[in-house]
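Numbering (this note's numbering), first residue to last: 38 to 224.
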Ligand SMILES: [Zn+2]
Ligand SMILES: [Zn+2]
C-alpha cells in the first residue's frame, strides 16, 4: 500500500525520470506500463486525500504530467521513432484519469467525478474474508482486502480515508467478518 512518503517518492522519480518510474519506462524503454501508470496516479490521489500540498510537489506533478503527454504525442508522430510498446487503445481513458488527478491536486479538491464515471475502470475485487469490494491494486493478496490481509496475515494496511461510506484509497466499505470481529473484541 502506498504511504504518503512513498507517494512523494514516486512523484519525484517520475519528475526526474528515474529508473522504475512510469515516465522512465515511457522515455527509456519505449514501454507503456499500466502498473506504473496506476502507481503514479494513485500517488497523486493519495496526496490530495491526505491534504499534502507544496510548491515543490506541484511543480513535480506539472512537469511529469507534461512529459507523459509529450511522450504520448511522440508515439503518434510519423517522424518520431519513439513508438511505445503496449500503448493502450483506450489511451483516452488514461488521459482522463490523469487530467482529473492533476486538476484535483492543483485545485486542492477531491475529484468531483465519482469512480464509476471514469471511462477507465480500476480492477475491483471482492474480499473472501469480509465480502467488501476493494481495488485489486491496493492489496498484496489475491483475494483479500488490505484490511483483512493486515489483520490476518500482517501485511501493511491501507491508511483508510473514508468518504461516503468507503475508503477512497482501497475502496473497503468497513465490513468485518464474524471471525475478525471476534479477534478484535478478544484483544
Ligand atoms: Zn476484507
Ligand atoms: Zn483503505
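All residues carry an ideal CB built from backbone N, CA and C; glycine is no exception.
Item: Answer yes if the segment 73-84 comes into contact with the segment 46-62, meaning at least three C-beta pairs across the two stretches below 8 Å, and no otherwise.; Value: yes
Item: Indicate, with yes or no, if ligand 2 has a heavy atom lying under 7 Å from the CB of residue 209.; Value: yes
Item: Give the straight-line distance between the Cα atoms of residue 77 and residue 105, rounded to the nearest whole angstrom.; Value: 11 Å
Item: Among 75, 203, 164, which has the Cα closest to the Cα of residue 187?; Value: 164
Item: Using the C-alpha atoms, what's the distance from residue 214 back to residue 182?; Value: 12 Å
Item: Using a Cβ-Cβ cut-off of 8 Å (strictly less than) and excluding sequence neighbours within five positions of residue 68, which residues of its own chain qualify?; Value: 62, 121, 122, 123
Item: Check for me: the alpha helix (DSSP H) holding residue 162 runs from which residue to which?; Value: Counting along the chain, residue 162 falls outside any alpha helix (DSSP H), though it belongs to the beta strand (DSSP E) covering 161-163.
Item: Taking DSSP as the reference, what is the three-state secondary structure of residue 73?; Value: helix
Item: Leaving out five residues before and five after residue 52 in sequence, what residues of the same chain have Cβ atoms less than 6 Å from its Cβ?; Value: 97, 100, 101
Item: Considering Cα atoms alone, identify which of 178, 184, 144, 175 is closest to residue 221.; Value: 184
Item: In chain order, what are the residue ranges of uninterrupted alpha helix (DSSP H) at least 4 long that sit wholly in the segment 110-150?; Value: 128-144
Item: Does the separation of the CB atoms of residue 209 and residue 180 fall below 8 Å?; Value: no
Item: Return yes when the C-beta of residue 169 is under 7 Å from any heavy atom of ligand 1, and no when it is not.; Value: yes
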